[in-house]
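Everything below concerns the one structure shown next.
Numbering (this note's numbering), first residue to last: 1 to 446.
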C-alpha cells in the first residue's frame, strides 16, 4: 500500500535548498527510519521538477548498483541510468534521489562529481549515516547541505487528522496570554494526549486514520521499535545499544538525575558506551539532555558528557516502550491514558514529550541539578534553553502540585542569567509571581 503523504514543515526547507543552494550542493535529509524521509523527497520531486529518478539502495537491482563502480564517464553514466529506469532526465529540470544512501557509500562519495557536473539536482536520504561501516574507505562529500527530519510535531499531527482549528486556537490563547477555561482546556488536553499516544510516526498516524483503533496503532509502533532494535545491532553487535534504548522509560520513571547504565545491563560502565552513545544519536532514534555544570548561554562549554538523560525521539514510541512488558498494549490501557485515568505516574511521558518538542524547535537539551545546602535533597531543573544572552529554565509537572522548589532555588541562584521561567504542566495557562505556567499543548507554539 502506498504511504499517505502528509503535510510536513520540512517541505519549506527543501524548497529553500532548491531555490538557493541546489547549484552547489546536494540535499541530504537525515533522520530515523520511518519518519517519512523518502516520502517527502519523492513528493517534492513530483511537485517541483519536470522529472525525477528515485534510486532506493535498499532494493536496487545489481545493474543500478554496478553503475557506481565507475562514474568517470558521466555521459555514459546518465545514459545507462535513464535506460535502466525508463525515465528521461532534463538538464536543470530533473532531480535524482539517492534513497537510504548509507547502504551504498560509493554512491554518496560520487555526489562530489555529480554536483560539480551540474546537469541535475540531487537529494539524498539516510539514517545511521555516521557509523563507521557506512563511511569506511570513502571521502564524505563537502557538497552536501544537511537538514534533519524528525517525527511529526503536534501541529503536523493536527494537520494530518484534519484538525484545522486547534492549532490556531492555541496560538491565539498564547498570543493573548489567556487561559482556555475548563471545558476548552479539557478538550485541548485530550487532543494532546491523543498525540502523545499515537506519536509522530507517519505510519502510526495513517493506521489511526484508517482504523480508529489504538491497539492497531500500537502494533505498528512495535514494528518500528523492532526495526530500530535491528538497526542497533548494526551499531553494536552485543545488543547493548538496544538494551539502552529499551530502558529509557524505566530510567525516566526512576527519577534518577542521570541515565543509569546498569538498568540497561548489569555491570555496564560509562567507558563501555563512549562510542556507543554518539552512534545512537546519529540514528536519530534518541534525544539526549546533558547536564550543564555551570548553566549559561554557552551550554556546549559546560556540558558534562558523562552525565546525561536519554529520551526517545518520538513520544508515541515511548508509550509503547513503557508497556513493552506485554506482547501488545490493550485498547483499555490506551483509553485510560487518553482520559487521564490510568493509575500510574505519567510524568515521565510528559517529560519525553517536552524533550521532543524542544528538540524539534532547534534546541539542544540541557538540564541542571544542585544539592540542598541543608539536606540531602537534590533540586533539578528539567530543561534549560537559551534565548539571546539569557536562560529559560523549564520544569515539567504532570499532576497536582503546589510548589516548584527547584525552580525557585535555581532562579535565586542564577537570577541575573534568567529571562523567562516556565512550568510546563497539565493545567490551564496562568502567570503568577513571574512564572509562566504553560499547558503542555502550548509549548510547540511558544
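Heads up, the beta-carbon is just placed ideally off N, CA and C, and yes, glycines get one too.
- Nearest to residue 212 by alpha-carbon distance, out of 335, 381 and 265, is 335.
- If you look at residue 365, you'll find it in the beta strand (DSSP E) that goes 365-371.
- Taken through DSSP and simplified to helix, strand or coil, residue 403 comes out as coil.
- Under the Cβ criterion (8 Å, minimum of three pairs), the region 112-121 does not count as touching the region 80-88.
- Straight-line measurement puts the Cα of residue 384 at about 10 Å from the Cα of residue 421.
- With contacts defined by Cβ atoms closer than 8 Å, residue 312 and residue 352 form a contacting pair.
- Residue 377 carries a coil assignment under DSSP once its states are collapsed to helix, strand and coil.
- Only residues of its own chain outside the window of five on either side were considered, and among them 154 and 157 have a CB closer than 7 Å to the CB of residue 195, listed in chain order.
- Residue 406 is positioned such that its CB atom lies no closer than 8 Å to that of residue 435.
- Only residues of its own chain outside the window of five on either side were considered, and among them 191 have a CB closer than 8 Å to the CB of residue 163, listed in chain order.
- Nearest in C-alpha terms to residue 109, of all of 139, 233, 16 and 413, is 139.
- Per the Cβ contact rule, the region 66-73 is not in contact with the region 143-153 (fewer than 3 Cβ pairs under 8 Å).
- Here the alpha carbon of residue 33 sits roughly 9 Å from the alpha carbon of residue 128.
- When the beta-carbon positions are compared, residue 123 and residue 27 come within less than 8 Å of each other.
- Under the three-state reduction of DSSP, residue 425 is assigned to strand.
- Straight-line measurement puts the Cα of residue 74 at about 12 Å from the Cα of residue 112.
- In this structure, residue 378 and residue 414 do not form a Cβ contact; the two beta carbons are roughly 17 Å apart against a cut-off of 8 Å.
- The beta-carbon separation of residue 337 and residue 193, rounded to 7 Å, stays under the 8 Å limit for a contact.
- Sorting 305, 176, 197 and 260 by C-alpha distance to the C-alpha of residue 332 places 197 at the top.
- Residue burial is scored here from C-beta neighbours: residue 59 has fewer than 16 other C-beta atoms within 10 angstroms and is therefore classed as exposed.
- At a Cβ-Cβ threshold of 8 Å, residue 24 and residue 101 do not count as neighbours.
- At a Cβ-Cβ threshold of 8 Å, residue 429 and residue 437 count as neighbours.
- Residue 321 counts as buried, since no fewer than 16 other beta carbons sit within 10 angstroms of its beta carbon.
- Here residue 389 is exposed, its C-beta having fewer than 16 other C-beta atoms within 10 Å.
- Annotation: residue 59 is outside any beta strand (DSSP E) and is labelled neither H nor E by DSSP.
- Beta-bridge analysis with DSSP links residue 311 to 287.
- In the three-state reduction of the DSSP assignment, residue 100 falls in the coil class.
- For residue 286, the CB contacts under 8 Å within the same chain, skipping 5 residues up- and downstream, are 245, 248, 280, 310, 311, 312 and 313 in chain order.
- Counting along the chain, no alpha helix (DSSP H) covers residue 391; the unbroken beta strand (DSSP E) around it starts and ends at 390-396.
- Assignment of alpha helix (DSSP H) within the region 229-257, counting only whole runs of 4 or more residues, yields 240-246 and 248-253 in chain order.
- DSSP places residue 127 in the coil class of the three-state scheme, outside both helix and strand.
- The Cβ atoms of residue 217 and residue 208 lie closer than 8 Å to each other.
- Straight through space, the alpha carbons of residue 387 and residue 371 are spaced by roughly 26 Å.
- Our two residues, residue 56 and residue 292, have alpha carbons roughly 41 Å apart in a direct line.
- Nearest C-alpha to residue 398 among 360, 416, 253 and 16: 253.
- Around the Cβ of residue 431, a 10 Å sphere holds fewer than 16 other Cβ atoms; the residue is exposed.
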